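Here is the structure we will look at.
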Amino acid sequence: LRKQERIYEDQALLAAQTHFSLEDVKSLTELFKKLSCSICNDGFISREEFQLGLFRDNRKHSLFSDRVSQLLHSSFYYGTETNSEF
Numbered sequence: 001l002r003k004q005e006r007i008y009e010d011q012a013l014l015a016a017q018t019h020f021s022l023e024d025v026k027s028l029t030e031l032f033k034k035l036s037c038s039i040c041n042d043g044f045i046s047r048e049e050f051q052l053g054l055f056r057d058n059r060k061h062s063l064f065s066d067r068v069s070q071l072l073h074s075s076f077y078y079g080t081e082t083n084s085e086f
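Per UniProt numbering: the sequence shown ends with 86, consecutive numbering throughout.
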């Protein structure tokens, strides 16, 4: 599978392996799907889409969202994505 096609098929298993309930996992999955295609339908959440999700405005510059994006990018995807995606 290509990275953007990775999806947890068994949401109940994912919920059992985390601190989230099954309803939380379903809600987060739907939120991810909506947010990741809000600007560019590529299966990733770009920095602009992240800011849109936080502030309902992707043009607003935010040090907070920039820093969170930077932390997520360096912690989880270092070297596999561009700097604007995580």
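Idealized CB from N, CA, C, for every residue including glycine. From a predicted model like this one, the values you see are computed outputs, not experimental measurements.
Given this structure, state the Cα-to-Cα distance separating residue 40 from residue 63, to the nearest angstrom.
Taking the sequence shown and counting its residues from 1, one reaches residue 40 at position 40. Taking the sequence shown and counting its residues from 1, one reaches residue 63 at position 63. In this structure, the CA atom of residue 40 is about 22 Å from the CA atom of residue 63.
Residue 25 and residue 14 closer than 8 Å at C-beta:
Locating residue 25 in the sequence shown gives position 25, where the first residue counts as 1. Locating residue 14 in the sequence shown gives position 14, where the first residue counts as 1. Taking C-beta atoms as the reference points, residue 25 and residue 14 count as a pair closer than 8 Å.
Buried or exposed for residue 22, please, with buried defined as at least 16 other CB atoms from any protein chain shown within 10 angstroms of its CB.
Taking the first residue of the sequence shown as 1, we reach residue 22 at position 22. By the Cβ-count criterion, residue 22 is exposed, with fewer than 16 other Cβ atoms from all chains shown falling within 10 Å of its own Cβ.
Distance between beta carbons of residue 74 and residue 47, contact taken as under 8 Å:
Taking the first residue of the sequence shown as position 1, residue 47 is located at position 47. Taking the first residue of the sequence shown as position 1, residue 74 is located at position 74. No, residue 47 and residue 74 are not in contact; Cβ-Cβ is about 13 Å, not under 8 Å.
Determine the DSSP secondary structure at residue 36, reduced to helix, strand or coil.
The residue labelled residue 36 in the question sits at position 36 within the sequence shown. Residue 36: helix per DSSP, three-state reduction.
With DSSP as the reference, label residue 62 as helix, strand or coil.
Stepping through the sequence shown from its first residue, residue 62 is reached at position 62. DSSP, read as helix, strand or coil, puts residue 62 in coil.
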